[in-house]
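**Q**
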Amino acid sequence: MILVTAATGNVGRELMPQLLGAGLPVRAGSRHPDPARWPDAEVVTLDLTEQDNVRAAAQGVTAAYLIVPETLEAADVQATLRTLRDAGVARVVLQSGFGVQGGGNLLGDAEAAVRASGLEWTILQPNWFMQNYNQMFRRGIRDRHEFAEPAGTRRTSVIDTRDIAAAAVTVLTGDGHVGRVYPLTGPASLDRHEVAAALSRALCHEVTYRPVDDDGFVDFLVSTGESDEEEARGIASIYPPIRADATAPITDDLPRLIGRAGYTIDDFARHYRADWQA
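Following our numbering, the numbering of the sequence shown begins with 359 at its first residue and continues without gaps.
Set out below in structure tokens:
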């Protein structure tokens with residue numbers, strides 16, 4: 359049995375059908391479970407701040423895909439890992455972030471906790487999700503034909519969450535991945551103007567990228583109704599590595615794990631075209 363935490367999140371919702379499609383027994387954990395979405399899976403309520411809840415979800419589980427919500431504390435991650443180990447879980451795959459190094463931040467602390475957990479572990483470090491553009495920026499692109507980010511002209515090797523999920527299937531079910539860290543990127547390093555150009559090609563009308571500072575970014579997300587100010591400030595806090603070009607490199611870990619090239623930004627824009635037309 360494989361436990362997927364945050365199963366309704368960006369990557370979890372892509373990982374679930376891929377695991378089920380491979381004929382694997384899966385338990386979907388979420389704070390807001392939706393049993394109708396995956397009738398072939400066990401669906402449970404899962405809150406990583408409640409260890410009795412984690413313990414119940416971990417019964418009979420051999421491997422877990424751990425996604426750490428931004429609202430979690432490092433102590434919650436440590437407690438969750440202890441609970442998983444005590445419940446008999448053998449392997450954990452942590453979804454971290456591209457370029458995470460050391461402690462002092464939640465994902466860095468989570469990586470350290472996983473390494474020290476006594477579990478068989480693997481860490482995936484995916485870069486910026488392409489799906490941010492049909493989720494976090496969907497209304498701006500749909501209604502205003504624009505999106506705004508505090509990223510300047512810096513490049514990011516954006517990755518499709520479907521590819522992250524495919525990599526997760528590989529490391530959850532295959533051999534040779536214990537103790538490995540995989541930085542995952544898409545096949546091209548793009549600035550935001552190039553992202554806008556791909557969206558324009560898919561939608562057959564111009565979509566523009568508007569560079570802004572953090573305040574302008576918060577204003578954009580709030581004014582489009584995608585988030586409140588507190589959440590938008592939290593999202594803005596992840597942009598410094600982007601502005602420092604830390605998210606520009608391209609790695610070959612993804613194609614080596616999944617046996618094919620990752621989706622391009624044009625693939626993504628074509629496949630999700632309807633999301634900006636609704």
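Glycine residues also receive a C-beta, built at the ideal position from the N, C-alpha and C atoms.
In this text, all values refer to a predicted model and were calculated from it rather than measured experimentally.
#1: Do three or more CB pairs link the region 405 to 418 to the region 429 to 447 at distances below 8 Å?
#2: When you compare only the Cα positions, how much space is there between V527 and A448?
#3: Within this structure, are the beta carbons of V458 and T480 separated by less than 8 Å?
#4: Between L361 and A433, which are expected to be in contact by the criterion C-beta below 8 Å, what is the C-beta distance as a whole number of angstroms?
#5: Return the first residue and the last residue of the beta strand (DSSP E) that F505 is part of.
#6: Considering only DSSP beta bridges, list what S558 is partnered with.
#7: Can you tell which of G532, E587, A556 and G367 has the C-alpha that lies nearest to the C-alpha of L615?
#8: Going by beta carbon distance, what residues of the same chain come within less than 7 Å of R591, once the five residues before and after it are set aside?
#9: On the criterion of 16 or more Cβ atoms from any shown chain inside 10 Å, does G379 qualify as buried, or is it exposed?
#10: Quick check for students: name the residue ranges of the alpha helix (DSSP H) that lie wholly in the region 568 to 598, counting only runs of 4 or more.
#11: Who are F487's beta bridge partners in DSSP?
#12: Quick one: what's got a C-beta closer than 7 Å to H563's C-beta in the same chain, skipping five residues either side?
#13: Tell me which residue opens and which closes the beta strand (DSSP E) that L361 is part of.
#14: Identify every run of the beta strand (DSSP E) within the region 412 to 441, keeping only runs that are complete inside it and at least 3 residues long; order them along the chain.
#15: By a C-beta neighbour count over all protein chains shown, 10 Å radius and 16 as the cutoff for buried, is Q483 buried or exposed?
#16: Would you mind sorting V536 into buried or exposed? The rule is 16 or more other CB atoms within 10 Å of its CB.
#17: As a quick exercise: from E400, I596, R631 and T622, pick the residue whose alpha carbon is nearest that of F456.
#18: Distance check for D444 and D625, CA to CA, integer angstroms please.
#19: Could you pull out every residue in the same chain whose Cβ sits closer than 8 Å to the Cβ of I608, ignoring the five residues on either side in sequence?
#20: Which value, in whole angstroms, describes the spacing of the CA atoms of A463 and R473?
#21: With the cut-off set at 8 Å, would you say L612 and A525 are in Cβ contact?
#22: Run through the DSSP bridge pairs and tell me what L328 is partnered with.
**A** According to the structure data:
#1: yes
#2: For the purposes of this step, residue 527 is identified with residue 169 of the sequence shown, where counting begins at 1. For the purposes of this step, residue 448 is identified with residue 90 of the sequence shown, where counting begins at 1. Distance between the alpha carbons of V527 and A448: 16 Å.
#3: The residue given as residue 458 occupies position 100 in the sequence shown. The residue given as residue 480 occupies position 122 in the sequence shown. Contact: no.
#4: The residue given as residue 361 occupies position 3 in the sequence shown. The residue given as residue 433 occupies position 75 in the sequence shown. Contact flag wrong, Cβ pair sits at about 20 Å.
#5: Within the sequence shown, numbered from 1, the residue matching residue 505 stands at position 147. It spans E504 to E507 - the beta strand (DSSP E) in which F505 sits, taken as one unbroken run.
#6: For the purposes of this step, residue 558 is identified with residue 200 of the sequence shown, where counting begins at 1. S558 is not bridged to any residue.
#7: By one-based count along the sequence shown, residue 615 stands at place 257. Minimum Cα distance to L615 is reached at G532.
#8: Working through the sequence shown from its first residue, we reach residue 591 at position 233. Closer than 7 Å at the Cβ level, and outside the excluded window around R591, lie V576.
#9: Taking the first residue of the sequence shown as 1, we reach residue 379 at position 21. Exposed.
#10: 572 to 581 and 587 to 594
#11: The residue given as residue 487 occupies position 129 in the sequence shown. DSSP output for F487 lists I517 as bridge partner(s).
#12: Within the sequence shown, residue 563 is the residue found at index 205, counting from 1. Excluding positions up to five away in sequence, the list reads H503.
#13: As a position in the sequence shown, residue 361 is number 3, starting the count at 1. Note, L361: beta strand (DSSP E), I360 to V362.
#14: 421 to 425
#15: On the sequence shown, residue 483 is found 125 positions in, with the first residue counted as 1. With 16 or more Cβ atoms within 10 Å of its Cβ, Q483 is classed as buried.
#16: In the sequence shown, the residue the question calls residue 536 occupies position 178. Under this definition V536 is an exposed residue.
#17: For the purposes of this step, residue 456 is taken as residue 98 along the sequence shown, with counting starting at 1. Residue I596 is the option with its Cα nearest to F456.
#18: For the purposes of this step, residue 625 is taken as residue 267 along the sequence shown, with counting starting at 1. For the purposes of this step, residue 444 is taken as residue 86 along the sequence shown, with counting starting at 1. Distance between the alpha carbons of D625 and D444: 43 Å.
#19: As a first step, residue 608 is located in the sequence shown; it is residue number 250 there, counting from the start. The answer, listed in chain order, is S515, T543, G544, P545, A546 and S547.
#20: Taking the first residue of the sequence shown as position 1, residue 463 is located at position 105. Taking the first residue of the sequence shown as position 1, residue 473 is located at position 115. For the record, residue 463 in the displayed sequence is Asn; it is not Ala. Roughly 16 Å separates the two Cα atoms.
#21: Taking the first residue of the sequence shown as 1, we reach residue 612 at position 254. Taking the first residue of the sequence shown as 1, we reach residue 525 at position 167. In this structure, A525 lies closer than 8 Å to L612 by Cβ.
#22: Because the chain here runs from 359 to 636, residue 328 falls outside it and cannot be looked at.
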